[in-house]
Amino acid sequence: MVYRPDYFRPPDLETQWDLIEEYPLGLMALSVEGRPAAVHVPFVLDRHAWPYGKLRGHLSRGNPICEALAGNVEVVVAFLGPSAYVSPDHYASQPHFPTWAYAAVHVMGRPRLLDEVRTMR
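Per our numbering, residue 3 is the first one in the sequence shown, and the count goes up by one each step.
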């Protein structure tokens with residue numbers, strides 16, 4: 003779960019899709035045998051798969067995470083867009099504190115493994 007104040011409401015789905023397509027390398031996180039695991043995966047987004055789109059990615063069959071994925075586990079994929087340090091010197095009023103500005107999309111779901119190569123239609 004990600005902390006998100008109400009004033010940082012998620013943007014519309016189109017904007018989230020745009021970020022995924024511009025920054026397609028996602029960090030997929032899951033639990034493997036009770037321990038946290040993560041792997042970077044390049045994804046392709048199919049916006050036309052109803053209702054939220056579909057992600058397609060590739061992992062080597064030799065990757066031990068593939069065995070865990072075959073067990074119908076839930077994963078989170080994080081896509082990180084642009085980010086930057088915001089210096090307290092940029093604020094006109096007091097008090098001011100440093101922060102980090104960033105854009106990110108988190109996608110949750112249960113992946114389905116495919117053995118054969120498929121292309122997007």
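All C-beta atoms, glycine included, are put in the ideal place defined by N, C-alpha and C.
DSSP beta-bridge partners for tryptophan 102?
According to DSSP, tryptophan 102 bridges with Tyr87.
Helix, strand or coil, according to DSSP, for proline 113 in the structure here?
In the structure shown, proline 113 sits in coil (DSSP, three-state: anything other than H, G, I, E or B).
Three-state secondary structure (DSSP) at leucine 61?
Coil at leucine 61, not helix or strand.
Straight-line CA distance for asparagine 74 to threonine 101?
Each residue's Cα considered, the two are about 38 Å apart.
Three or more C-beta pairs under 8 Å: does that hold for the region 84-95 against the region 59-71?
In short, these stretches do not touch, since the Cβ pair count stays below three.
First and last residue of the beta strand (DSSP E) that includes alanine 39?
Alanine 39 -> beta strand (DSSP E) spans 37-48.
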